[in-house]
Each structure stands twice: as C-alpha cells, then as structure tokens.
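For reference, the structure is listed below as structure tokens.
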Amino acid sequence: MSRTPDWTIRRGFPDHLRAPAARLYFEAFSGKLGRLLGRDGRGVRFFERVLDPQFALTAVTADEKELLGIAGFKTEGGAMTGGSLSDVAAVYGWFGTLWRTPILMLLERDRTDGQLLMDGIAVVPEARGMGVGSALLEAIIAEAAERELAGVRLDVIDTNPRARALYERFGFVAQSTEQLGPFRHVFGFVSATRMVLDVPAWQQARKAGVQTIPSKNEPL
Numbered sequence: 686m687s688r689t690p691d692w693t694i695r696r697g698f699p700d701h702l703r704a705p706a707a708r709l710y711f712e713a714f715s716g717k718l719g720r721l722l723g724r725d726g727r728g729v730r731f732f733e734r735v736l737d738p739q740f741a742l743t744a745v746t747a748d749e750k751e752l753l754g755i756a757g758f759k760t761e762g763g764a765m766t767g768g769s770l771s772d773v774a775a776v777y778g779w780f781g782t783l784w785r786t787p788i789l790m791l792l793e794r795d796r797t798d799g800q801l802l803m804d805g806i807a808v809v810p811e812a813r814g815m816g817v818g819s820a821l822l823e824a825i826i827a828e829a830a831e832r833e834l835a836g837v838r839l840d841v842i843d844t845n846p847r848a849r850a851l852y853e854r855f856g857f858v859a860q861s862t863e864q865l866g867p868f869r870h871v872f873g874f875v876s877a878t879r880m881v882l883d884v885p886a887w888q889q890a891r892k893a894g895v896q897t898i899p900s901k902n903e904p905l
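Numbering (the numbering used here), first residue to last: 686 to 905.
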C-alpha cells in the first residue's frame with residue numbers, strides 16, 4: 686500500500702472488508718482482550734461474526750479495496766461490537782460461553798442519555814501518521830452532533846497513554862477512573878478512565894479556529 690493513498694471516511698464497511706475489520710479491531714485491543722478471547726484465531730472469528738457496520742465509521746481507500754481504520758459507537762439501537770450468547774457459543778462452545786460471558790460483562794458500559802458511547806478506534810500500522818485516526822474521531826463527534834447528542838464518551842485504559850493524549854487534544858476531559866482489582870490479571874491493565882467530550886463546546890472551538898487536531902507525529 687502506498688504511504689499516501691487517496692482515502693475517505695464512510696459509514697459502515699462493505700462485506701468484503703468484514704474480515705480485515707475484525708482483524709484490525711482484535712489486534713488493536715488484543716492487549717486488553719487477547720487472553721479472554723484467544724490469540725489463536727478465535728478472537729478474530731468472534732469479531733468477524735458480530736461486527737455491525739450500522740454502528741461503525743471506517744477509513745477506506747478511494748477504491749474501497751483496503752481498510753485503513755475503523756471506529757465504532759454504541760446507541761440505544763445497538764453497538765458495533767454487539768452480539769448475543771449464541772454468537773459467543775458459535776466460536777467458544779457453551780462451556781466457554783458460561784465462563785467468558787460474566788467476565789466480558791465487566792467491560793460493558795451502559796449508554797448515558799445525551800451521549801454517544803465510542804466503541805473503540807483503530808488504524809492499520811501502514812496508515813498511521815496520515816491523520817486517519819483524527820479523521821475518524823472527528824467523524825464520531827460529527828455522528829454525535831447529527832444525532833443531537835451533547836457529548837461523546839469513551840474509556841481509555843492506563844496502558845494506552847498515547848490514545849489518552851490524543852483524546853485530551855481533542856478536548857475530552859477525564860471524569861472518573863475505575864480500578865479492575867484482581868481482574869487486571871485477566872485483561873492486562875489496571876484501570877480505565879472515563880472521558881467525555883462536550884460536543885457543542887468542541888463545535889464552537891472549531892468555528893473559532895482553535896486547532897484541536899494532533900500533529901502528524903501522533904500514532905493515529
């Protein structure tokens with residue numbers, strides 16, 4: 686892939702990019718989910734099964750042959766990484782479902798009225814430094830504004846300080862931090878910080894010409 690291909694942000698993803706989307710999402714969060722979902726291919730198969738393009742924004746090359754990045758969100762209508770017990774069982778069997786499901790539920794975040802809940806963002810290594818992550822984050826904020834929601838909420842783990850720095854540059858503010866306690870040994874991180882962006886304030890800042898976009902040296 687060229688270092689500077691023509692690319693665009695679009696809603697969802699075409700079916701032929703479902704497998705790349707699942708691989709990208711799992712690889713981006715394998716440090717958090719790898720032990721639980723399995724780095725033997727099952728984690729990727731699970732996401733390939735459950736990813737819902739209705740709740741995804743993607744960066745793709747102009748010909749839509751390659752996926753450069755993906756960002757998901759959760760609304761009252763569903764989430765990009767939803768799925769049911771039968772989806773878990775299809776990949777892990779019912780015994781694997783019985784012990785995995787309660788642990789996975791620890792990562793669930795309830796949606797708050799008036800806020801769009803971000804469901805992860807990831808960019809392929811070859812496209813980092815091209816502004817793809819920033820464009821996806823802007824698209825998430827625009828999605829919230831289009832839905833007339835006042836905020837965007839996300840959780841960032843303590844082992845990902847670069848992502849937190851990116852969010853802070855965009856205007857996200859830390860609200861609270863949750864400790865995982867003994868489950869840190871399962872997920873590989875100690876705490877997660879809830880951050881919220883005030884969408885109207887962000888829009889006002891952009892209209893006033895305040896630069897919130899990170900430099901090209903940012904990993905996303």
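Beta carbons are placed, not taken as given, at the ideal position from N, Cα and C, and that holds for glycine.
Of the residues the options, the one placed nearest residue i, counting alpha carbons only
{"i": "F732", "options": "T786, V773, G836", "result": "V773"}
{"i": "G908", "options": "F758, R695, S715", "result": "In the structure as shown, the chain starts at 686 and stops at 905, and residue 908 therefore has no counterpart that could be examined."}
{"i": "A850", "options": "R708, G763, G818, P810", "result": "G818"}
{"i": "R720", "options": "R708, L834, T766, L789", "result": "L789"}
{"i": "V809", "options": "R695, I694, A706, G697", "result": "A706"}
{"i": "K717", "options": "L783, T760, G805", "result": "G805"}
{"i": "G697", "options": "W784, M765, E761, A893", "result": "M765"}
Simplified DSSP state of residue i, which is helix, strand or coil
{"i": "M686", "result": "Unreliable positioning characterises M686 in this predicted model, as indicated by a pLDDT of 44, which lies under 50. The coordinate reading is nonetheless provided below. Here M686 sits in coil by DSSP."}
{"i": "L721", "result": "helix"}
{"i": "G894", "result": "coil"}
{"i": "G866", "result": "helix"}
{"i": "M790", "result": "helix"}
{"i": "A859", "result": "strand"}
{"i": "T878", "result": "strand"}
{"i": "R796", "result": "coil"}
{"i": "T760", "result": "strand"}
{"i": "G754", "result": "strand"}
{"i": "G768", "result": "coil"}
{"i": "G778", "result": "helix"}
{"i": "R696", "result": "strand"}
{"i": "G728", "result": "helix"}
{"i": "P899", "result": "Reliability of the predicted coordinates at P899 is poor, the pLDDT of 46 falling under 50, and no value is obtained from them."}
{"i": "G814", "result": "coil"}
{"i": "A744", "result": "strand"}
{"i": "A848", "result": "helix"}
{"i": "R703", "result": "helix"}
C-alpha gap between residue i and residue j, whole angstroms
{"i": "R794", "j": "S769", "result": "16 Å"}
{"i": "A824", "j": "L742", "result": "7 Å"}
{"i": "V933", "j": "F780", "result": "Here the chain has residues from 686 to 905 only, and residue 933 is not among them."}
{"i": "Q889", "j": "R730", "result": "42 Å"}
{"i": "R724", "j": "P738", "result": "23 Å"}
{"i": "A747", "j": "T844", "result": "34 Å"}
{"i": "Y710", "j": "I755", "result": "8 Å"}
{"i": "R708", "j": "F740", "result": "17 Å"}
{"i": "S715", "j": "G726", "result": "11 Å"}
{"i": "A827", "j": "V875", "result": "31 Å"}
{"i": "M803", "j": "R695", "result": "16 Å"}
{"i": "L722", "j": "G767", "result": "15 Å"}
{"i": "R734", "j": "G728", "result": "10 Å"}
{"i": "P846", "j": "E853", "result": "10 Å"}
{"i": "G763", "j": "R832", "result": "14 Å"}
{"i": "P690", "j": "L783", "result": "45 Å"}
Pair within 7 Å by beta-carbon distance, residue i and residue j
{"i": "E749", "j": "P787", "result": "no"}
{"i": "L752", "j": "L702", "result": "yes"}
{"i": "A704", "j": "A807", "result": "no"}
{"i": "A744", "j": "L801", "result": "no"}
{"i": "V884", "j": "A829", "result": "yes"}
{"i": "G799", "j": "L834", "result": "yes"}
{"i": "W887", "j": "G856", "result": "yes"}
>> So, does the stretch 855-866 touch the stretch 877-884, judging by three or more C-beta pairs under 8 Å?
In response: yes
> Counting Cβ pairs, one atom from each stretch, are 3 or more of them under 8 Å apart for the stretch 773-783 and the stretch 811-823?
Replying inline: They do not touch, by the three-pair rule.
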